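Protein chains in written order, with this note's numbering: chain A, 4 to 220; chain B, 4 to 220; chain C, 10 to 242; chain D, 10 to 242.
Glycine included, each C-beta is placed from N, C-alpha and C at the ideal position.
All figures in this text were calculated on a predicted structure; none of them were measured in a lab.
Only one structure is covered here, and it is reproduced in the block below.
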């Protein structure tokens, strides 16, 4: 089974040289720490920067340089800064090769819910609806089940949707799955996790074809 | 009767302090030479500059600094340069207080035709359609009649339209006229021009109420 | 051409009860601190505020919320604010949540005279309710309307007397878009300069979009999430 | 991340007969001179060119027109070009004339994933024929569709290896918009610099929009209308 860092590490293996990547808050943010050596990847933050670098050294924080999580950041050499409209032009216009974000629920048709729980305080969707509606390549990073032990991979989302038919791949603490027209297709098992455990933790349609390799993280 | 410079001088009297103004090619361009002393007016050229200044001194021409007529220009202190989309955002969003342009025909409902003569080479509308469809305050600067002596102030345009119900005021070699719901309203006569001469040269509905003063240019 | 106003009080003159305001900023980054303080002092109420976020309890728009001066918020994300939550759950405060990219594009469209446009964002979600859906290139889109405001209030790094503005870092965010969309746009700047001091090639907001400008005082520029790394030898 | 291509020939590789190109520039100001010359040499034909203007007889897109490599022009103004006029009147060349502001906005929309938007420009004229009309705030608008291109070719002043671009003066014009709207965007620059040399705060076109970049040679930068004044004592 993977922890959060493990999920981030596994997703980092999906990165390709030259990609522009938008990382959501939470597990996705950790991916920046695991970019394979020699790979040039540029991180976009939707509040208006391409070429986001690591956190600043203590004492070098700049209130005018934050990411979409409102954290102080740095800019890499070759960075570019722009307004929010230009930022979402990049996203909506499909100039960003990969979006990784968290989710509360994913359905086996690629629907995603990650912004609202009825009856609870709603904080808002931020940029998530634009990101999922626009990106060609969306990976969801999340735990396979919620705190109550219930599956987050469903046949139909129960929570208000963030986007429809958009998720392409899911990396959880248990598995890597592709979203296909026939449902979740199991691609890899997390270390030490059996196909049965994944089947038990998946409420939506799950396709298991042949031997499922254990992932190398 | 006014010559082209006279028309420009008369229109310059319409300028107000602090206005942003877009001047079309031809007579309108001349207006920049007659801005009343003490009035601060900023000229926009739709290819992407606010704060267009006079032509450069000989030897100081910059191929990268032109106006929408493709003429070499200068930039005033406090100028701003931007792309074509931002430029027309200013125009379409009604941030420009006055647009002055030429016309082949104006109808007494404010329609304007100034871009195309069927059967002749069509050069294109450039920014004229955006300008007339957007601006709140449009003055047409033109001769009252065409080279064949026919009126250019009509009850209905005969040429393909550039815009509808948009012209607010017309300054010709003969007169100043407002476009009202009831037709062209004569406001001023050019020096030495009689009301009868203006009536004879105007094919559209013309409203003459009371004494019509002679303009002071 | 001199758009400089002598004080923040003069800058916000004319902002009346029930008006719609746009306020630049992302979180607490790039917010018009001086203008917000003056709005609090002015006691103006019943405001509709279009702003990506709603500040925190004791800073930014949170200060207006504390005094119950805001009737409605139009935002994309409003977490990190207890008073906001209380007013929203009690029904005192109306909240209209909009996808962040649509919010940015709707402000830009408002400033650019584009009354409506199609976007894929929000299709199939409650954001799309009541909105026209149309398919382009096989993909469903929804029609979103432009946003404008009685006043837009933005914060820039430097600006000149003509209203030309430049922003620093990600404090740019929504500021240039909202500057376009205000019937009257107020810009507060950290440094007011003379026309000609800013390079015409590198103006972020051309002065035509700005009606009033002033140099703000005592910027706190509070950091919401101070994240750092430590130097290793 | 290195988008630099070693030659203009490599830059235009993949541009095939019948493709749609966007080319930046206003008149002869800010046009991709090196790329146009290479296209002429390449002999590629049947092109649809989206460009505000069509050059003059012996410069800019006029060079491609002379060789009859262009099938269709999408422009706002095409005067000052005899060969263009001849081909247009003889029916050899298709011409689609678009209001300049709509052309700019349609390119920007294409790059921004906005498939269509409403504009007042052209309502009541032949430009509106066949287009949806809708009234907003009492004013009629027409629905205009986004434009995209197989390749966009732009000219910048400086650019870095990541494709970040800055433009000089009014040579900016359509270049940043078209850079957004190309499936593949080629940037030729007067000066190629290293990442970090351009201030991140003042990038006109972020590198994400650019796929190939090279330093052009021997820019003529011809002036179409040389207008000057004389110094008086």
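Whether residue i touches residue j by CB criterion (7 Å)
i                      : j                      : result
residue 42 of chain A  : residue 20 of chain A  : yes
residue 114 of chain A : residue 167 of chain A : yes
residue 180 of chain B : residue 189 of chain B : yes
residue 120 of chain C : residue 171 of chain C : no
residue 211 of chain D : residue 211 of chain C : yes
residue 13 of chain A  : residue 218 of chain A : yes
residue 139 of chain B : residue 202 of chain B : no
residue 108 of chain C : residue 130 of chain C : yes
residue 141 of chain C : residue 164 of chain C : no
residue 116 of chain A : residue 164 of chain A : yes
residue 174 of chain B : residue 10 of chain B  : yes
residue 81 of chain B  : residue 204 of chain C : yes
residue 86 of chain C  : residue 155 of chain A : no
residue 182 of chain B : residue 170 of chain B : yes
residue 237 of chain D : residue 184 of chain B : no
residue 209 of chain C : residue 86 of chain A  : no
residue 69 of chain A  : residue 75 of chain A  : yes
residue 174 of chain C : residue 213 of chain C : yes
residue 66 of chain A  : residue 232 of chain C : yes
residue 204 of chain B : residue 30 of chain B  : no
residue 122 of chain D : residue 90 of chain A  : no
Beta-carbon separation (whole angstroms), residue i vs residue j, contact threshold 8 Å
i                      : j                      : result
residue 92 of chain A  : residue 189 of chain D : 6 Å
residue 208 of chain B : residue 111 of chain B : 5 Å
residue 64 of chain A  : residue 235 of chain C : 6 Å
residue 36 of chain D  : residue 183 of chain D : Going by Cβ atoms, the distance from residue 36 of chain D to residue 183 of chain D rounds to 11 Å, so no, they are not a contact pair.
residue 76 of chain D  : residue 49 of chain D  : 6 Å
residue 118 of chain D : residue 63 of chain D  : Residue 118 of chain D to residue 63 of chain D, Cβ: 23 Å. No contact.
residue 137 of chain C : residue 88 of chain A  : At roughly 21 Å, the Cβ-Cβ gap does not stay under 8 Å, so residue 137 of chain C and residue 88 of chain A are not in contact.
residue 225 of chain D : residue 43 of chain D  : 4 Å
residue 29 of chain C  : residue 95 of chain A  : About 25 Å separates the two Cβ atoms, so there is no contact after all.
Straight-line Cα distance separating residue j from residue i
i                      : j                      : result
residue 12 of chain D  : residue 71 of chain D  : 29 Å
residue 159 of chain B : residue 119 of chain B : 16 Å
residue 215 of chain A : residue 186 of chain A : 16 Å
residue 50 of chain A  : residue 178 of chain C : 10 Å
residue 187 of chain C : residue 161 of chain C : 6 Å
residue 144 of chain D : residue 124 of chain C : 9 Å
residue 66 of chain C  : residue 105 of chain A : 27 Å
residue 135 of chain B : residue 40 of chain B  : 28 Å
residue 82 of chain C  : residue 10 of chain D  : 42 Å
residue 141 of chain A : residue 96 of chain C  : 35 Å
residue 115 of chain D : residue 227 of chain C : 43 Å
residue 16 of chain A  : residue 220 of chain A : 9 Å
residue 194 of chain B : residue 111 of chain D : 41 Å
Neighbourhood of residue i by C-beta distance below 7 Å, restricted to the same chain and skipping five residues each side
i                      : result
residue 25 of chain D  : 53
residue 161 of chain A : 108
Cutoff 6 Å; reference residue i; Cβ partners in own chain excluding five residues on either side
i                      : result
residue 20 of chain D  : 14, 195, 221 and 223
residue 28 of chain B  : 72
residue 200 of chain D : 167
residue 27 of chain D  : 55
residue 25 of chain B  : 47, 99 and 102
residue 246 of chain D : Shown here, chain D extends from 10 to 242; a query on residue 246 of chain D therefore has no answer.
residue 32 of chain A  : 26
residue 93 of chain C  : 63, 74 and 87
residue 23 of chain A  : 45, 47, 99 and 100
Neighbour flag for residue i against chain G, beta carbons, 7 Å
i                     : result
residue 43 of chain A : No chain G appears in the structure shown, which is made up of the protein chains A, B, C and D.
Same chain, Cβ closer than 8 Å to residue i, five either side skipped, listed in chain order
i                      : result
residue 210 of chain A : 183, 185, 186, 187, 188 and 189
residue 16 of chain C  : 223
- Item | Contact list for the region 65 to 78 of chain B against chain D, Cβ threshold 7 Å | 65, 66, 67, 68, 69, 72, 73, 74 and 75
- Task: Could you name the residues of the region 170 to 182 of chain D whose beta carbon sits closer than 7 Å to any beta carbon of chain A, in the order they occur along the chain?
- Result: 171 and 173
- Query: At a Cβ cut of 8 Å, what residues of the region 108 to 133 of chain D count as close to chain C, listed as they run along the chain?
  - Reply: Listed in sequence order: 114, 118, 121, 122, 123, 124, 125, 126, 127, 128 and 129.
- Anything in the region 210 to 227 of chain D with a Cβ closer than 9 Å to a Cβ of chain C? List those residues in chain order, please. 210, 211 and 213
- chain C contacts from the region 133 to 157 of chain B (Cβ-Cβ distance under 7 Å): 137
- Query: Relative to chain C, which residues along the region 91 to 108 of chain A have a C-beta separation below 7 Å, given in chain order?
  - Reply: Across the region 91 to 108 of chain A, CB contacts with chain C closer than 7 Å involve 91, 94 and 95, in sequence order along the chain.
- Message: Please identify, using Cβ separations under 9 Å, the residues of the region 47 to 62 of chain B that lie next to chain D, in order along the chain.
- Response: 48, 49, 50, 51, 52, 57, 58, 59, 60, 61 and 62
- Using a Cβ cut-off of 9 Å, which residues of the region 41 to 56 of chain C contact any Cβ in chain A, in chain order? Under the 9 Å Cβ criterion, the region 41 to 56 of chain C contributes no residue.
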